[in-house]
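These notes concern the structure reproduced below.
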Amino acid sequence: MSEGVFQPDQPPAALDGEGRDLFSKFDELIATRENLLAQGVEDPFNLVMEQVLSPTRAICNGRDTILLGTYNYMGMTFDPEVIAAGKQALDDFGAGTTGSRVLNGTYQGHREVEQALREFYAMDHAMVFSTGYQANLGIISTIAGKGDYIILDKDSHASIWDGCALGNAEVVPFRHNDIEAMDKRLGRIPEGAGKLVVLEGVYSMLGDVAPLAAMVAVAKRHGAMVLVDEAHSMGFIGEYGRGVAEAQGVLGEVDFVIGTFSKSVGTVGGFCVSNHPKFEILRLVCRPYVFTASLPPSVVATAETSIRKLMHGSNKRAHLWENSKRLHGGLKALGFQLGTEEPQSAIVAVIMPDLERGAMMWEALLKEGLYVNLARPPATPDNMTLLRCSLCAEHSAEEVETILGMFERAGARVGIIG
Amino acid sequence: MDRAATDERIRALIEPFNKKGIAITEATTFAGDLEFDSLTVMDFVAEIEDAFDIIISMNQQAEIESYGQLVDAVSQMAD
Ligand SMILES: Cc1ncc(COP(=O)(O)O)c(C=O)c1O
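Which chain is which? The protein sequence lines are A and B, in order.
822 is the number of the first residue of the first sequence in my numbering; add one for each residue after it.
37 is the number of the first residue of the second sequence in my numbering; add one for each residue after it.
As structure tokens, then:
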């Protein structure tokens, strides 16, 4: 599960003795890491991209590399109009705002990107945060208070768990994508308590989609408000790229959509959109919105331009689906074990037998010239080690074939496939 | 609910999670003795919740360290 449960895992037994200090709690992790690196594997968590050539290619650790682990789904990072908007804003408004959104940090551009979001989602309100992480942290901790209940999927992203930990509500997880488990827990909440259900459109570890239509209906039957994090579906899933809730026809019943600029939008930032009539008050009471500096003018300008272009991205969306289907089908045919039976998103997760072979496979792919994301426990569900591949609309059909060839050679060498 | 009956049911539920076959007493701790990690805790709690038709929020779980404390909490909640 979860990239962050808030009860720490078992603390190491306290030893008396020398050299023990506040860092001793990390000894086990340090040992695991040293052990892995001692086998001569390149450090999967210390990669440097020396040059970035395009949304799909970079020079990584000195090698020309195809990028298949960047969540840059729509390839907007190098869009010429997006870049031009950023440069113009740098010239006109300077490098940074040096201030909070509620003091001196709301520029014209912040207003404009919020307007673009309202249009993109066809919703009344939009609030832009400095990251998606902060959007979850702020919205969840602020709207669910003492005595309220948060019912959430146990595979939720770290930022959702941290939002729960920051607030004072009662936190009740349920089994991943299990409608009945969610229903039962909602039914047990004491009469009169406020209820917030927190879901994601696409779960980024396995790339699977939530049964939102059914879950939102259940939540509403229990009188709960619903927040959906659409970080990995914005720009790609749904007719207008509004996400899984749109694709399943329930966006109108979702109270809050959380999103990020760090994936399809191609820059950095986070947001919440909503139709709630009192939504704007959150700008005054949401601490991760108030007590941090706002995004630089260049960033909000690139985000606005990108969001407006994503509204008309249906051809790119269609090509991205083709890429996802081809990669998924090709890897399955090669004999790899995948996170989902069918492709459900632009994420294809390849399940590794264990961390050692996962790291070896990751390195073998890097030497072939392919970058994927290595995900390991405790960030992964059921303690799995995963190679997470995220496709981009800018990957060509030929590139996907090249990628499959790389997986075939690396998989055979490491002994993952026969 | 009767404490002895609660105890008996929880003992049965804990068995598949007690991988090392530790003898369980009132003082047995989940993190220390049973070596439950956060994932195991979540799965185990879900079983108990469904068996007794209760909610044990993560906030409440933070107060429960030993087997005896769990039995006490569940007997109270399942009243
Ligand atoms: C589901 C989910 N929510 C939120 C975030 C946070 O987004 P950001 O990178 O903007 O902080 C991420 C990305 O890591 C995510 O995967």
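Note that beta-carbon positions come from the ideal geometry of N, C-alpha and C, so glycine has one too.
Keep in mind it's a predicted model, so treat the numbers as computed, not measured.
Heavy atom of ligand 1 within 7 angstroms of residue i beta-carbon
i	result
T1223/A	no
D1050/A	yes
H931/A	no
T1088/A	no
Y1110/A	no
N957/A	yes
T1123/A	no
E1021/A	yes
Y954/A	yes
G1151/A	no
G1160/A	no
G984/A	no
H1140/A	no
T1081/A	yes
S980/A	yes
S1025/A	yes
H997/A	no
G1056/A	no
G1091/A	yes
Residue i at chain B interface by Cβ criterion, 8 angstroms
i	result
W991/A	This sequence places Glu at residue 991/A; Trp is not what is there. Cβ-Cβ to chain B under 8 angstroms: yes for E991/A.
A947/A	no
R996/A	yes
K1016/A	no
N856/A	no
I981/A	no
Q828/A	Interpretation of Q828/A is limited by its pLDDT of 45, a score under 50 that renders its predicted location unreliable; no figure is taken from the coordinates.
R1009/A	yes
K846/A	no
K967/A	no
K1130/A	no
P876/A	no
R1006/A	yes
Buried or exposed (CB count within 10 angstroms, at least 16 for buried), residue i
i	result
S1083/A	buried
K1016/A	buried
S1135/A	exposed
V869/A	exposed
T42/B	buried
T853/A	exposed
N998/A	buried
F1112/A	exposed
P994/A	buried
D848/A	exposed
P1098/A	exposed
E991/A	buried
E1184/A	buried
E1189/A	buried
Rounded distance between the beta-carbons of residue j and residue i, thought under 8 angstroms
i	j	result
I1079/A	A1200/A	Actually they are not in contact, since the Cβ atoms of I1079/A and A1200/A sit about 19 angstroms apart, beyond 8 angstroms.
M996/A	A82/B	Here the sequence assigns Arg to residue 996/A, which means Met is not the residue at that position. Rounded, the Cβ-Cβ distance is 6 angstroms, consistent with contact.
G1022/A	L1033/A	7 angstroms
V1171/A	L1207/A	7 angstroms
G984/A	L958/A	5 angstroms
A1114/A	T918/A	6 angstroms
F72/B	F80/B	7 angstroms
T1126/A	A906/A	4 angstroms
M1003/A	V1039/A	6 angstroms
N1204/A	L75/B	7 angstroms
G890/A	Y1192/A	5 angstroms
Cutoff 7 angstroms; reference residue i; Cβ partners in own chain excluding five residues on either side
i	result
A1180/A	L857, V862, P865, L1195
A1014/A	G968, D969, Y970
L106/B	I46, I100
T927/A	S1115
Nonlocal neighbours in the same chain, by C-beta distance under 6 angstroms from residue i, ignoring five residues either side
i	result
A1124/A	V934, F1082, V1086, T1088, G1090
E101/B	T65
N1096/A	M944, D945
E1177/A	none
G1064/A	G1022, E1051, S1054, M1055, I1058
M113/B	I90
Nonlocal neighbours in the same chain, by C-beta distance under 8 angstroms from residue i, ignoring five residues either side
i	result
H1140/A	A1214
R939/A	D945, H946, A947, V1094
P832/A	Low per-residue confidence applies at P832/A: pLDDT is 48, beneath 50, and the placement is therefore not dependable, though the value from the model is reported in the following sentence. These residues qualify, in order along the chain: K846.
I904/A	T1123
E44/B	none
L1155/A	L1225, F1228, E1229, G1232, I1238
N54/B	I60, L70
Below-8 angstroms beta-carbon distance, residue i vs any chain A residue
i	result
S93/B	yes
A109/B	no
I84/B	no
S74/B	yes
D89/B	yes
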